[in-house]
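Following the UniProt record's numbering, the numbering of the sequence shown begins with 1 at its first residue and continues without gaps.
Heads up, the beta-carbon is just placed ideally off N, CA and C, and yes, glycines get one too.
Presented below is the structure to which this report refers.
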Amino acid sequence: MSETPVSIKFHSAVYLTVALGIVGTLSYAYASPTIRGHVLIEHMPVGGLTRAQAQQKVQSWAASRLENGTRLTIDGEPYQIQSADIDLDYDIDGAIAAAWNTGRRLNPVESLAELAMLALVPMDISIPARLNIQKLQYEVDTIATSVDEPGLDVRLKIEGSDVTVLSDTKPGFLLDRPAAVQAVLKAIQSDKAETVSQSLTFMPPTVSTKEAPRAKQEAELILAEPLTMTSGHYSFTLTKTQIGDWIDSVPAGQKLDVRIDQQLLSQYVTNLATLLNADPQEPKITVVDGKVTEFTAPRSGRSLDQSQTVALITDTLEKRKTDDEPIVSISLPVVVKKPDVTDTSAQELGIVELIGTASTRFTGSPKNRISNIKNGVKFLTGIIVPKGEEFSTLQALGTVDNTSGYLPELVIKENRTVPEFGGGLCQVSTTLFRAALNTGLPITRRQNHSYRVIYYERDGEGNFIGPGLDATIYNPAPDFRFLNDTPAAILIQGSVEGDKITFNFYGTPDGRTAHVDGPHKLTETPAGDAIYVETDTLPPGETKRIETPHPGGTAIATYTVTYADGTEKKQEFKSFYRNWPAQYLVGIDPTKATSTPPLLPTR
């Protein structure tokens, strides 16, 4: 049935009235300078208040809560947690904004729905609390430490490397710390934050005494051997006592777990890192007239991966519980960082890192010999060997006499060991020879001494290696020479510390590796019968020993260089040493004389 004109007008008037009422309500809501009625913040009425008034009221409430803090009672004993100690604060601005926006939404439908709901049910807005959870946990832990009554369960006692089972048990009473933290958090978020009640939890012993022998055996297996840790030339050893200090026995139900205390181990690794870690050092070079006058050696940096080290040590010790043979040595996970090269001279020359080194010792050398060794090192230090060029030791040393700082010292010449300027420089050339070998450079000239010399039969640590890795020099020959076939120049740096001479070669690595097999002594001949040389410098019939005996023989060393592309080059160094009998001078009548075959002169 169709509507009459009268009914249409009536309905239209109703709709218009309702629409105007809605518009008026919304307009009033948006234009009102106060918060809508029936709005509360933490149970506090703020309806009808301006934003500033509501802010003042809520701030007063928050200040009181912050001042009072939170009381945690444990079995009736009160402990106060101060608001400042846990960085407690309330988001007052957010709560005021939420109250103000009620009924003032951008969407009019949402606003009208909220206004309708407010007419029926009040709206209570919570104030979000903000705090530092780690600090709250610390406060609870501190309180727990003072109230806990730890019990005793079956456990291990370790003194040195001795493991004992302790079975004097008793129950404990402990605070459930996570539960206490959650209770405090819940209280702070509510309107009853002043007091939180908790009780200590009864903790009876749980470990079965039958578990003790197994746990004892596991601890003894972990302690079976020390543990050596290496990184390059660094070596550290964990003694059984140190390992024992880290072993912890932890109840796990009826079982007794044997573990490595991670906190104690981490502290040790942190201290270990301070000994190992080093920043990289970039090279600095000053070149004057083709020779380096100032040099800061490049040095790679080292950084111990501490978390990986803790895991590695833990895993190694834990495996001892089940492995037939305990692991006694591990390599530390050290990250190596190459130095940046910003120095222009170093970049141009390609002197970026150490590519080879060698040392020898001259223990027991006379004073003049030591002086000559130091002087020779001084002349060779700073020498730059350009790429593709051959290095000559004699050419680098220059004139060897008193004008260049050398002193008289014994050299092998003809059939005698006689004093000459520069005696002892063969210690320099021998060390250069070994440094060139360790660098992987082609050796173009090398001659062994005429007879064996004890100084050259030991390595840089003083260990005996035998004859066959010496290199003699004497002007104009023999000479020691090598070729620089690396991608860049090589800088020679020498040093003398105590009775040790060292040569370091700096340049650009190209992936080559070097290996020396030997020296191996092939034959040995006795020194032979003593030789008596007649002389008119002694009274007739008087004798004087002028040479000590040395056995002769042959030796060989095989030198292999493997390049980055896999190709290999070998050199054999064969050494022939003349037996050297004792020699004596015998005084005779001046009209008589004798002679013996000469030897190759060497220093």
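- prompt: Using CA coordinates, which residue listed in 75, 171, 312 is at the minimum distance from residue 195?
  reply: Reading the sequence shown from its first residue, position 195 is the one you call residue 195. That would be 75, whose Cα lies nearest to the Cα of residue 195.
message: Contact between the segment 549 to 569 and the segment 513 to 522 is defined here as three or more beta-carbon pairs at a separation below 8 angstroms; is this criterion met?
response: yes
- prompt: Applying the criterion that 16 or more other CB atoms from any shown protein chain within 10 Å of the CB defines a buried residue, is residue 479 buried or exposed?
  reply: By 1-based counting over the sequence shown, the position of residue 479 is 479. With 16 or more Cβ atoms within 10 Å of its Cβ, residue 479 is classed as buried.
- prompt: Buried or exposed: which applies to residue 468, given that a residue is buried once 16 or more other Cβ atoms fall within 10 Å of its Cβ?
  reply: Walking along the sequence shown from the start, residue 468 turns up at place 468. Buried is the call here.
task: Classify residue 64 as buried or exposed, calling it buried when 16 or more other Cβ atoms lie within 10 Å of its own Cβ.
output: On the sequence shown, residue 64 is found 64 positions in, with the first residue counted as 1. It counts as exposed.
query: In three-state terms, what does DSSP make of residue 588?
result: Along the sequence shown, read from residue 1 onward, the residue named residue 588 stands at position 588. In the structure shown, residue 588 sits in coil (DSSP, three-state: anything other than H, G, I, E or B).
query: Around the Cβ of residue 588, are there at least 16 other Cβ atoms within 10 angstroms (buried) or fewer (exposed)?
result: Counting from 1 along the sequence shown, the entry for residue 588 is found at position 588. Residue 588 comes out buried.
field: Every unbroken beta strand (DSSP E) within the segment 65 to 129, with a cutoff of 3 residues, ordered by chain
entry: 70 to 74, 77 to 81, 123 to 125
task: Give every residue of the same chain whose Cβ lies closer than 7 angstroms to the Cβ of residue 350, excluding the five residues on either side of it in the sequence, and list them in chain order.
output: On the sequence shown, position 350 is the one that residue 350 refers to. Result list for residue 350: 487, 488, 489, 507, 508, in chain order.
- prompt: Applying the criterion that 16 or more other CB atoms from any shown protein chain within 10 Å of the CB defines a buried residue, is residue 163 buried or exposed?
  reply: Against the sequence shown, residue 163 aligns to sequence position 163. Buried, since its Cβ has 16 or more Cβ neighbours within 10 Å.
query: What separation, rounded to the nearest whole angstrom, lies between the Cα atoms of residue 98 and residue 279?
result: If you number the sequence shown from 1, residue 98 lands on position 98. If you number the sequence shown from 1, residue 279 lands on position 279. Distance between the alpha carbons of residue 98 and residue 279 is about 55 angstroms.
Unbroken alpha helix (DSSP H) run spanning residue 307, endpoints: Here residue 307 refers to the residue found at position 307 of the sequence shown. Looking at the DSSP string, the run of the alpha helix (DSSP H) that includes residue 307 is 306 to 319.
query: Going by alpha carbons, who is nearest to residue 573 out of 462, 483, 437?
result: On the sequence shown, position 573 is the one that residue 573 refers to. Among 462, 483, 437, the Cα nearest to that of residue 573 belongs to 437.
- prompt: Nearest to residue 77 by CA position, among 87, 496, 539, 197, is which residue?
  reply: What you label residue 77 is simply residue 77 of the sequence shown in a count that begins at 1. Comparing Cα-Cα distances from residue 77 to each of 87, 496, 539, 197, the minimum goes to 197.
- request: Please report how far the alpha carbon of residue 548 lies from the alpha carbon of residue 306, in whole angstroms.
  value: Within the sequence shown, the letter at position 548 stands for residue 548. Within the sequence shown, the letter at position 306 stands for residue 306. Distance between the alpha carbons of residue 548 and residue 306: 57 angstroms.
Pairwise C-alpha distance: residue 82 and residue 180: Here residue 180 corresponds to residue number 180 of the sequence shown, with the count starting at 1. Here residue 82 corresponds to residue number 82 of the sequence shown, with the count starting at 1. Approximately 15 angstroms, taken between the alpha carbons.
query: Is the CB-CB distance between residue 503 and residue 432 below 7 angstroms?
result: To locate residue 503, count along the sequence shown from 1; it is residue 503. To locate residue 432, count along the sequence shown from 1; it is residue 432. The answer is yes: Cβ separation under 7 angstroms.
message: Looking at the ligand GTP, does it come within less than 6 angstroms of residue 215, judged from the CB to the closest heavy atom?
response: Summarising the ligand content, the structure contains no ligands, and the ligand GTP is consequently not present.
- prompt: Quick one: is residue 470 buried, meaning 16 or more other Cβ sit within 10 Å of its Cβ, or exposed?
  reply: Residue 470 sits at position 470 when you count from the first residue of the sequence shown. Looking at its Cβ environment, which holds 16 or more other Cβ atoms inside 10 Å, residue 470 is buried.
query: Nearest-angstrom Cα distance between residue 61 and residue 35?
result: Position 61 of the sequence shown, counted from the first residue, corresponds to residue 61. Position 35 of the sequence shown, counted from the first residue, corresponds to residue 35. Rounded to the nearest angstrom, the two C-alpha atoms are 18 angstroms apart.
- prompt: Looking at C-alpha atoms only, which residue of 302, 298, 558, 45 is the closest neighbour of residue 569?
  reply: Position 569 of the sequence shown holds residue 569. Checking every option, the nearest Cα to that of residue 569 belongs to 558.
- prompt: Exposed or buried, what is residue 451 when buried is set at 16 or more other beta-carbons lying within 10 Å of its beta-carbon?
  reply: Taking the first residue of the sequence shown as 1, we reach residue 451 at position 451. Its Cβ being crowded by 16 or more others within 10 Å, residue 451 is buried.
query: At a cut of 8 angstroms, does the segment 198 to 210 reach the segment 247 to 257 through at least three beta carbon pairs?
result: yes
message: So, for residue 337: in the same chain, excluding its five sequence neighbours on each side, which residues have a beta-carbon less than 6 angstroms away from its beta-carbon?
response: For the purposes of this step, residue 337 is taken as the residue at position 337 of the sequence shown. For residue 337, where only same-chain residues beyond five positions count, the Cβ hits under 6 angstroms are 280, 301.
- prompt: Does the Cβ-Cβ distance between residue 200 and residue 175 come in under 7 angstroms?
  reply: One-based indexing of the sequence shown puts residue 200 at position 200. One-based indexing of the sequence shown puts residue 175 at position 175. A contact, by the Cβ cut-off of 7 angstroms.
field: Nearest to residue 230 (by Cα), restricted to the options 182, 287, 309
entry: For this step, residue 230 is matched to residue 230 along the sequence shown. Answer by Cα proximity: 309.
message: Measuring CB atoms only, is the segment 36 to 45 touching the segment 109 to 121, in the sense that at least three cross pairs come out at less than 8 angstroms?
response: yes
field: Distance CB(residue 540)-CB(residue 466) smaller than 7 angstroms
entry: Reading the sequence shown from its first residue, position 540 is the one you call residue 540. Reading the sequence shown from its first residue, position 466 is the one you call residue 466. Result no, Cβ atoms of residue 540 and residue 466 do not sit closer than 7 angstroms.
task: Reducing DSSP to helix, strand and coil, say where residue 205 ends up.
output: Within the sequence shown, residue 205 is the residue found at index 205, counting from 1. In this structure, residue 205 counts as coil in the three-state DSSP scheme.
message: Can you confirm whether the segment 85 to 98 touches the segment 124 to 134 when touching is taken to mean that 3 or more C-beta pairs between the two stretches lie within less than 8 angstroms?
response: yes
field: Close-in-space but distant-in-sequence residues of the same chain around residue 216 (CB under 7 angstroms, 5 per side omitted)
entry: By 1-based counting over the sequence shown, the position of residue 216 is 216. Here the set comprises 156, 163, 165.
- prompt: With distances taken between CB atoms, is the gap from residue 576 to residue 355 smaller than 7 angstroms?
  reply: Looking up residue 576 in the sequence shown gives position 576. Looking up residue 355 in the sequence shown gives position 355. No, Cβ-Cβ distance for residue 576 and residue 355 is not below 7 angstroms.
field: DSSP-derived helix/strand/coil call for residue 174
entry: Working through the sequence shown from its first residue, we reach residue 174 at position 174. In the structure shown, residue 174 sits in a strand (DSSP, three-state: E or B).
C-beta atoms of residue 405 and residue 375 nearer than 7 angstroms: Start at 1 with the first residue of the sequence shown, and residue 405 comes out as number 405. Start at 1 with the first residue of the sequence shown, and residue 375 comes out as number 375. The answer is yes: Cβ separation under 7 angstroms.
field: residue 199 in three-state terms, based on DSSP
entry: Taking the sequence shown and counting its residues from 1, the one referred to as residue 199 is at position 199. It is coil, neither helix nor strand.
message: Going by C-alpha to C-alpha distance, which of 333, 325, 553, 296 sits closest to residue 313?
response: For the purposes of this step, residue 313 is taken as residue 313 along the sequence shown, with counting starting at 1. Closest option to residue 313, Cα to Cα, is 333.
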